Amino acid sequence: MSRMRADRVLGLLGVLLACSPGSSGGASAPDAREADVNRSQANASYLPAVPGTRWIYAVHGDSGLGYHHARAPQLELRLGAPRELEVAVSAPDDRARARVFPLEGGWLGADYVAVTPKAVRLYAARSEEGGPLAPAVLTADLRFDGASEWESGAPPGTIGHLRGARSVDESVRVPAGSYRCARFEQHESAWHATLWLAPGVGLVRLVVERRAGDAIRSETWELLEHVPPPGEGRG
Amino acid sequence: MLERVLPARGLVLEIASGTGEHAAAFARALPELEVQPSDVDPEALASIEAWRRRGGAQNLRAPLRLDVHELPWALPGIAAVDAVLCINMIHIAPWSACLALLDGAAAQLAPGAPLVLYGPYREHGVHTAPSNESFDASLRERDPRWGVRDQAEVAAEAAARGLALEEVVAMPANNRTLVLRRLVLGADRA
Chain P
1 MSRMRADRVL GLLGVLLACS PGSSGGASAP DAREADVNRS QANASYLPAV
51 PGTRWIYAVH GDSGLGYHHA RAPQLELRLG APRELEVAVS APDDRARARV
101 FPLEGGWLGA DYVAVTPKAV RLYAARSEEG GPLAPAVLTA DLRFDGASEW
151 ESGAPPGTIG HLRGARSVDE SVRVPAGSYR CARFEQHESA WHATLWLAPG
201 VGLVRLVVER RAGDAIRSET WELLEHVPPP GEGRG
Chain V
1 MLERVLPARG LVLEIASGTG EHAAAFARAL PELEVQPSDV DPEALASIEA
51 WRRRGGAQNL RAPLRLDVHE LPWALPGIAA VDAVLCINMI HIAPWSACLA
101 LLDGAAAQLA PGAPLVLYGP YREHGVHTAP SNESFDASLR ERDPRWGVRD
151 QAEVAAEAAA RGLALEEVVA MPANNRTLVL RRLVLGADRA
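So this is what it looks like as structure tokens:
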């Protein structure tokens, strides 16, 4: 069995053990200590980089004024085929090429995702209609390298500077089920996001608070359904 | 079409309301929304107020003096903006006004909230109709800084500010409505 094949089998096993809807982070889910031990390991299972994967979310706004009613109450993200892309390691001129997967739909503000052994990184590269934004800009940096806090993106004090943190893993209940998740915080000058990622599934929950004029508005995404491509099995 | 893309409730900030006729009509047609007209020109502000008094729509607010270039926008008495609407402004103004409009809207809008632009556009540098080409020439003759904007350039500048182009709707007289929405993540300006 090839290494890649073995990794995939182990990843799918992890999905079956840890992420079946309704597992509630209970007996079949890894406990916090086990999850901590796994922090420094490859994170591929936390965001299955399999083209064709779809995630469907229920979206809730907090304003009560109805801005979210002008948009579909459900959003779908889809993972496309990987490609090489020039990305900004730090703004404005430090660049690198990375293997990324297009992340389509959702209005997330992330057009691509890169999955490396130590991080899941989201990049904004904009729409075809809007023209490419090159290099693609880092919009979220979720690290699995054992660090509890880090800084990335643009230089400190400038727009696009990100402060990240990973806190203790926790169980999250969403419409798709209950999952044992890694929890991340991302701070930018205009917004703050909390993201929960479950092994074998990906983004399970997202809460974003964004400055909008003099107000702070929040939006919550909760996983309704994780749909692997045919032949990959469900998380 | 505005009924479809605007939120069901909340406050719609109209930029460069001009005479105020549009704002008065929107306020009547969309009674669940509050419409906040604005303009930088004192004569326009007086005209908007006249339309407001004549129309009498309770949800049409008194006009606000707003120069899009004066960032961040000062919006007294407004806690939050749920949509920004701008009709026939960006081609009858310097390009800097379009960029300032995008900056201001990006800073005001909540995730998912729309910026709606209406007017003529070029498509990848090419006019979509001979009438638009003539109009563009007349605009540039009046002020070389004016002119029909390229849709892709506007969308690219919007994208760099976290506003994604959701929809382009063909309108009468070779005009278009561009619906942009505030993305969830991403900086206000790239």
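Protein sequence lines, in the order shown, are assigned to chains P and V. Numbering of the first sequence is given in the numbering used here, commencing with residue 1 and proceeding in unit increments. Numbering of the second sequence is given in the numbering used here, commencing with residue 1 and proceeding in unit increments. Cβ atoms here follow ideal geometry from the backbone N, Cα and C, with glycine treated the same way. Note that the structure is predicted; figures quoted are calculated from it, not measured.
CB contact check: residue i to chain V, cutoff 8 Å
i      : result
T139/P : yes
E84/P  : no
R166/P : no
V61/P  : Reading the sequence as shown, one finds Gly at residue 61/P and not Val. Judged by the 8 Å Cβ criterion, G61/P is in contact with chain V.
E219/P : yes
V120/P : no
A70/P  : Only weak support is given to the placement of A70/P: the predicted model assigns it a pLDDT of 49, under 50, and the value that follows is read from those uncertain coordinates. Answer yes: the Cβ-Cβ gap between A70/P and chain V drops below 8 Å somewhere.
S23/P  : Low confidence applies to S23/P: its pLDDT is 34, below 50, so where it sits in the model is not reliable, and the reading given next is rough at best. It does not; no Cβ of chain V falls within 8 Å.
Where residue i sits in the DSSP three-state scheme
i      : result
N174/V : helix
H68/P  : Summary for H68/P: the model assigns pLDDT 49, below 50, so the residue's position carries little reliability, and this model does not support an answer.
A16/V  : coil
P130/V : helix
G104/V : helix
R181/V : strand
E170/P : strand
W95/V  : helix
L165/V : strand
A49/P  : coil
V154/V : helix
L30/V  : coil
S189/P : coil
H22/V  : helix
E141/V : helix
A74/V  : coil
A159/V : helix
G231/P : coil
Bounding residues of the alpha helix (DSSP H) (the contiguous stretch that carries residue i)
i      : result
F246/P : For residue 246/P there is no data in the structure shown, the boundaries of chain P being 1 and 235.
E43/V  : P42 to G55
R4/V   : L2 to V5
Contact list for residue i against chain V, beta-carbon separation under 7 Å
i      : result
G109/P : G162, L183, V184, L185 and G186
A124/P : G186
A193/P : L185
Contacts of residue i in chain P (Cβ-Cβ under 7 Å)
i      : result
L109/V : A212
N- and C-terminal bounds of the beta strand (DSSP E) containing residue i
i      : result
G202/P : G202 to A212
D94/P  : D94 to E104
G119/V : P114 to G119
H226/P : A215 to V227
L108/P : No beta strand (DSSP E) holds L108/P; DSSP gives it neither H nor E.
L85/V  : A83 to I87
V87/P  : R83 to S90
Chain P within 8 Å of residue i, Cβ atoms only
i      : result
G119/V : no
V116/V : no
A79/V  : yes
G112/V : yes
Within chain P, the residues that residue i reaches when beta carbons sit closer than 8 Å
i      : result
L102/V : Correct list: empty, because the minimum Cβ distance to chain P is about 11 Å.
Counterpart residues of residue i in DSSP-defined beta bridges
i      : result
V35/V  : V12/V and L60/V
T158/P : In the DSSP output, where bridge partners are listed per residue, T158/P has none listed.
V113/P : F101/P and L122/P
A182/P : L197/P
W55/P  : L77/P and H226/P
H60/P  : T220/P
G153/P : H161/P
G177/P : V174/P
L66/V  : None; L66/V has no bridge partner.
A110/V : In the DSSP output, where bridge partners are listed per residue, A110/V has none listed.
V137/P : A124/P
Closer than 9 Å at the beta carbon, the chain P residues around residue i
i     : result
L75/V : G213 and D214
Chain V residues whose Cβ lies nearer than 8 Å to that of residue i
i      : result
V208/P : P111, V184 and L185
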